[in-house]
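Structure, as structure tokens:
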Amino acid sequence: MSVVESYQKYLPADVAVQYLDSAGRPTPSTARYPRPDGARLVEMYRKMVLGRRFDEQATALTKQGRLAVYPSSRGQEACQIAAAMSLHPRDWIFPTYRDSMALVARGVDPVEVLAMFAGDWHCCYNPVAHRAAPQCTPLATQLLHAVGLAHGHTCNRNELVVLALCGDGATSEGDFHEALNFAAVLKAPVIFLVQNNGFAISVPLARQSAAPSLAHKGVGYGIGSEQVDGNDPVAMLAILDEARRYVLDGNGPVIVEAHTYRIDGHTNADDPTRYRASDEVQRWAERDPIARLDAYLRAVGLIDDADVEAIKAEAETLAATVRTGMNADRPVDPDDLFRFVFAEPTPALREQHAQARAELASELEPVAPQ
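When we follow UniProt numbering, the leftmost residue of the sequence shown carries the number 1, and every step to the right adds one.
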């Protein structure tokens with residue numbers, strides 16, 4: 001193979017792969033990826049509707065004071081659900097703070113997912129049971145962890161895939177490049193899914209990277225690279241299905257850039273009107289992934305009004321479950337502030353622990369009558 005042929009092997013498509021246009025109509029595509037069958041697309045539609053209702057409910061809970069903060073993924077449902085659906089039970093997912101919807105689709109209890117945003121001190125769900133790493137707030141640090149876990153399983157001859165999610169802002173961090181390089185050298189079975197939603201908080205992509213696409217960053221590390229319309233549910237699921245097959249065949253890691261958009265602010269504490277125009281948001285809202293798949297599935301006779309209403313009813317049940325769970329007061333043990341800081345508490349920590357206990361005990365002492 002010549003140098004040019006070797007280089008071309010890793011190049012992503014010239015334009016983002018797309019199977020459905022913004023109205024949900026099939027588009028001509030030269031992509032080689034097998035399209036998901038009808039049953040999987042119906043299930044994807046169901047999970048996207050449930051995911052959006054979960055996201056809306058979580059956003060509402062921030063306004064009620066039940067959550068300290070919540071990073072919405074409204075508009076990114078195709079990325080989130082495709083990520084969860086492309087994985088097998090034995091695979092692992094490494095999410096960011098914005099990937100709560102993917103975790104719910106993975107089967108994690110939605111109340112446990114949101115407990116962290118309510119101020120709980122730990123991951124709140126069992127990572128080993130769900131094969132889902134804790135949601136990561138520092139940008140890109142989880143990517144190296146994902147490579148390490150994938151390589152460890154390879155050494156133990158365990159055949160599985162690790163899918164690591166990140167945003168466009170994470171690609172500007174050193175950890176991102178270190179993770180790609182390690183994964184490439186080790187041929188680790190990792191899929192790096194970059195959800196390029198246009199902004200790293202308020203910084204637009206044009207001020208982050210001069211590359212023709214973020215997917216092109218994989219070329220320099222010698223790994224499979226692709227870019228996809230992240231608001232096209234058919235394309236997202238098709239490419240992630242193929243990415244999983246590719247890495248399981250021993251070809252090394254893959255980077256997939258999904259071009260999408262976050263409709264809401266960075267979090268509920270953000271004012272996105274300070275850095276983007278409303279007409280830009282409206283243009284992306286018209287490329288809504290749920291509406292696109294709804295139109296397609298209706299056109300080919302895979303869903304009808306009754307099916308849609310049944311899914312919406314299921315989504316309302318999910319929202320009610322989330323409300324009930326988050327409105328329940330959780331027991332708090334003050335000793336937890338000190339219990340898990342060090343394996344062997346330091347003298348200073350013991351002193352602080354004793355002071356806290358004494359102060360709490362004094363507050364509980366009955367007041368003598370005057």
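Even for Gly, the Cβ is constructed at its ideal location relative to N, Cα and C.
Three-state secondary structure assigned by DSSP to residue i
| i | result |
| --- | --- |
| Glu5 | Confidence at Glu5 is low in this model, with a pLDDT of 45, below 50, so its placement is unreliable and the value that follows should be read with caution. DSSP places Glu5 in helix when its eight states are reduced to three. |
| Cys166 | strand |
| Pro26 | strand |
| Leu192 | The residue you asked about is not Leu; residue 192 is Phe in the sequence shown. DSSP places Phe192 in strand when its eight states are reduced to three. |
| Arg350 | helix |
| Phe342 | coil |
| Cys155 | helix |
| Val15 | coil |
| Leu67 | coil |
| Ala200 | strand |
| Leu20 | strand |
Extent of the continuous beta strand (DSSP E) run through residue i
| i | result |
| --- | --- |
| Asp229 | 224-229 |
| Gln80 | First-last for Gln80: 77-85, but that is the alpha helix (DSSP H), not the beta strand (DSSP E). |
Alpha helix (DSSP H) segment containing residue i, residue limits
| i | result |
| --- | --- |
| Asn181 | 174-186 |
| Phe94 | Phe94 -> not in any alpha helix (DSSP H); beta strand (DSSP E) instead, spanning 92-94. |
| Gly220 | From DSSP, Gly220 is part of no alpha helix (DSSP H); its letter is neither H nor E. |
| Pro110 | 110-115 |
| Thr336 | Just to set this straight, residue 336 is Asp in the shown sequence, not Thr. Taken as a continuous stretch (DSSP letters only), the alpha helix (DSSP H) holding Asp336 covers 336-339. |
| Pro127 | 127-130 |
| Gly209 | For the sequence presented, residue 209 should be read as Ser rather than Gly. From DSSP, Ser209 is part of no alpha helix (DSSP H); its letter is neither H nor E. |
| Leu103 | 100-106 |
Check whether residue i and residue j have beta carbons under 8 Å apart
| i | j | result |
| --- | --- | --- |
| Met48 | Ile290 | yes |
| Thr321 | Val69 | no |
| Asp175 | Leu144 | yes |
| Gly224 | Asn251 | yes |
| Ala105 | Gln80 | yes |
| Asp241 | Pro12 | no |
| Arg262 | Gln76 | yes |
| Leu186 | His151 | yes |
| Leu337 | Tyr45 | no |
| Glu297 | Leu41 | At residue 297 the sequence reads Leu, which differs from the Glu that was named. Yes, the Cβ-Cβ distance between Leu297 and Leu41 is below 8 Å. |
| Val194 | Val256 | yes |
| Val17 | Leu87 | no |
| Ala102 | Ala129 | no |
| Gly167 | Thr96 | yes |
C-beta neighbour in chain D for residue i, strict 8 Å
| i | result |
| --- | --- |
| Pro12 | Of the protein chains in this structure there is only one, and it is not chain D. |
Q: Only counting runs of 3 or more residues, tell me where the beta strand (DSSP E) segments fall wholly within the region 237-314, in order along the chain.
A: As far as the region 237-314 is concerned, its whole beta strand (DSSP E) runs of at least 3 residues are 254-259.
Q: Would you check if there are 3 or more beta carbon pairs closer than 8 Å linking the region 54-70 to the region 111-125?
A: yes
Q) Do the region 84-97 and the region 133-147 make contact, defined as three or more Cβ pairs closer than 8 Å? A) yes
Q) Counting Cβ pairs, one atom from each stretch, are 3 or more of them under 8 Å apart for the region 322-329 and the region 274-283? A) no
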